[in-house]
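Peer 1: Residue numbers (the numbering used here): 1243 to 1454.
Have a look at the structure that comes next, please.
Next comes the structure, spelled out in structure tokens:
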């Protein structure tokens, strides 16, 4: 179960007060959020829907942390969010909060007008240890996922080191602009994966067409 806290000021004093109370309970000098072992999988849903499922695996490494913040990219509509503890497989509680809450929680430079998924970890991160989590969500983004006729294009700047884009059933790859590995999954879908070896985002572009 989760709660979505509105990111706009007109929702009323109660929601604003709750956010302020939570911010006040977190030190302004909260340890900087750190993480590792990032992997993102983008599963393209029905062509024309502009929707794609995102499975994001990450390891929280900030000693003592009880929460982890994951940004919702600006311009994307997020739905169907779910979060799991990768050690036990159990679901984790979370809320969608404003960027000022994330900044107070250790996300340096978080934009106060952005939204974040605030995950409640199953246990505090031990010193020198980690907490592995999996975030599952669906984005709708007309700019990233385009389709017309029998063709589709997925284009998105990707900064995570390990990534995979999975085509819908019945589509074949016609082009990709970055060195990638292509493999067929058990259900027949093609997965296009790559490792970002640099420090900058890769402006990744995948093109495909329906198999006739």
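We treat Cβ as the ideally placed atom computed from N, Cα and C, and that holds for glycine.
Keep in mind that this is a model prediction, so the values were computed, not measured.
Can you tell me whether DSSP reads residue 1429 as helix, strand or coil?
Peer 2: Looking up residue 1429 in the chain shown gives position 187. DSSP places residue 1429 in coil when its eight states are reduced to three.
Peer 1: Give the DSSP-derived three-state secondary structure of residue 1268 in the structure shown.
Peer 2: In the chain shown, the residue the question calls residue 1268 occupies position 26. Low local confidence applies: a pLDDT of 48 at residue 1268 is under 50, so the model's placement there is unreliable, with the coordinate-based value given in what follows. Note: residue 1268 maps to coil in three-state DSSP.
Peer 1: Helix, strand or coil for residue 1345? Go by DSSP, reduced to three states.
Peer 2: For this step, residue 1345 is matched to residue 103 along the chain shown. Three-state result, residue 1345: helix.
Peer 1: Can you give me the Cβ contacts of residue 1447 inside the same chain, cut-off strictly under 6 Å, excluding the 5 residues immediately before and after it?
Peer 2: If you number the chain shown from 1, residue 1447 lands on position 205. Around residue 1447: 1397, 1419.
Peer 1: Do residue 1334 and residue 1375 have their beta-carbon atoms positioned less than 8 Å apart in this structure?
Peer 2: Within the chain shown, numbered from 1, the residue matching residue 1375 stands at position 133. Within the chain shown, numbered from 1, the residue matching residue 1334 stands at position 92. Yes.
Peer 1: My guess is that residue 1353 and residue 1370 are in contact by the Cβ rule of under 8 Å, so how many angstroms apart are they, rounded?
Peer 2: Position 111 of the chain shown, counted from the first residue, corresponds to residue 1353. Position 128 of the chain shown, counted from the first residue, corresponds to residue 1370. No, residue 1353 and residue 1370 are not in contact; Cβ-Cβ is about 31 Å, not under 8 Å.
Peer 1: Could you compute how far the alpha carbon of residue 1254 sits from the alpha carbon of residue 1339?
Peer 2: Within the chain shown, the letter at position 12 stands for residue 1254. Within the chain shown, the letter at position 97 stands for residue 1339. Reliability fails at residue 1254, whose pLDDT of 48 lies under 50, so the model's placement of it is uncertain and no value is given.
Peer 1: What is the DSSP secondary structure of residue 1420, reduced to helix, strand or coil?
Peer 2: Position 178 of the chain shown, counted from the start, is the residue given in the question as residue 1420. In this structure, residue 1420 counts as coil in the three-state DSSP scheme.
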